[in-house]
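Trainee: This is the structure I want to talk about, given as structure tokens.
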Amino acid sequence: MINISKTMRILGKKYPRSTTTLNTMRGKASAFEILISCLLSLRARDEVTDVVSRDLFKVANTPETIVKLPMAQLKKIIFRSGHFNKKAAALKEVSSDLIDKFDSEVPKTYDELIGIKHVGPKTANIVLAFAYGQLVLPIDIHCHRIPNRMGWIETKTPEETGKALMEILPKIYWKEFNSAFVQFGRETCLPVSPWCSECLVAKYCERVGVLKHR
Ligand code: SF4
Numbered sequence: 453m454i455n456i457s458k459t460m461r462i463l464g465k466k467y468p469r470s471t472t473t474l475n476t477m478r479g480k481a482s483a484f485e486i487l488i489s490c491l492l493s494l495r496a497r498d499e500v501t502d503v504v505s506r507d508l509f510k511v512a513n514t515p516e517t518i519v520k521l522p523m524a525q526l527k528k529i530i531f532r533s534g535h536f537n538k539k540a541a542a543l544k545e546v547s548s549d550l551i552d553k554f555d556s557e558v559p560k561t562y563d564e565l566i567g568i569k570h571v572g573p574k575t576a577n578i579v580l581a582f583a584y585g586q587l588v589l590p591i592d593i594h595c596h597r598i599p600n601r602m603g604w605i606e607t608k609t610p611e612e613t614g615k616a617l618m619e620i621l622p623k624i625y626w627k628e629f630n631s632a633f634v635q636f637g638r639e640t641c642l643p644v645s646p647w648c649s650e651c652l653v654a655k656y657c658e659r660v661g662v663l664k665h666r
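Going by my numbering, 586 is the number at position 134 of the sequence shown; the sequence numbering is gapless.
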């Protein structure tokens, strides 16, 4: 039977906030570095994002220095994160936008952030949560898939999921939700063939749409 609070308490204990790359940047990196790492993390593994971000920030960690960095050098540094042509162009455009429209600062509101080309809802919420400590729900593919499987919600897109979760997830769990569900989704509730036999919250899950599991 569904029990959101019990599920959150179990997963929150198992996956304390800390291990994802973006989570480890909380309080240590600038808002700009968190924004750039988030853009680099799209379709990339965490370990790769971590290394590539560190390499990039050694040579450029402000909008001005990213804009000045020769394109060929930028592509070479971020090559390993995949889709490097698109990502390099995005990094340049986002940096230029910040210089031109926000006096080189990363804005602190959702509407301003998603008004920047290449910044979507997930990235905006990660910046607000991890850089500015705001109480928001960053939703990635794991955070979208798992609550749907558990039967908490019935949504088609991460955007819909964010809105639906804001209605049903008690606010005390918002800060840990992203980290816990990302790690849980990578280790146990995998996209294909999840490890239901080893799942700590199996008795609170309705397994909606799970056709094959281990
Ligand atoms: S029981 Fe299976 S589908 Fe449900 S949360 Fe656990 S791993 Fe995911």
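Where is the CB? At the ideal position from N, CA and C, for every residue including glycine.
What span of residues does the alpha helix (DSSP H) with residue 525 cover, start to end?
Mentor: Segment 523–530, the alpha helix (DSSP H) holding residue 525.
Trainee: Mapping DSSP to helix, strand and coil, what is residue 647?
Mentor: coil
Trainee: So, does the stretch 619–637 touch the stretch 510–518, judging by three or more C-beta pairs under 8 angstroms?
Mentor: no
Trainee: Where does residue 552 fall in DSSP's three states?
Mentor: helix
Trainee: Can you grab the Cα-Cα spacing for the pair residue 534 / residue 496, in whole Å?
Mentor: In this structure, the straight-line span from the alpha carbon of residue 534 to that of residue 496 is close to 7 angstroms.
Trainee: Curious, which full-length alpha helix (DSSP H) runs of at least 4 residues does the stretch 588–646 contain?
Mentor: List check, alpha helix (DSSP H) in window: 593–602, 610–620, 626–639.
Trainee: Are there 16 or more other CB atoms within 10 angstroms of the CB of residue 563, so buried, or fewer, so exposed?
Mentor: exposed
Trainee: Counting along the chain, where does the alpha helix (DSSP H) carrying residue 455 start and finish?
Mentor: DSSP places residue 455 in no alpha helix (DSSP H); its state is neither H nor E.
Trainee: So is the beta-carbon of residue 660 under 6 angstroms away from any non-hydrogen atom of the ligand SF4?
Mentor: False, no ligand heavy atom lies under 6 angstroms from that Cβ.
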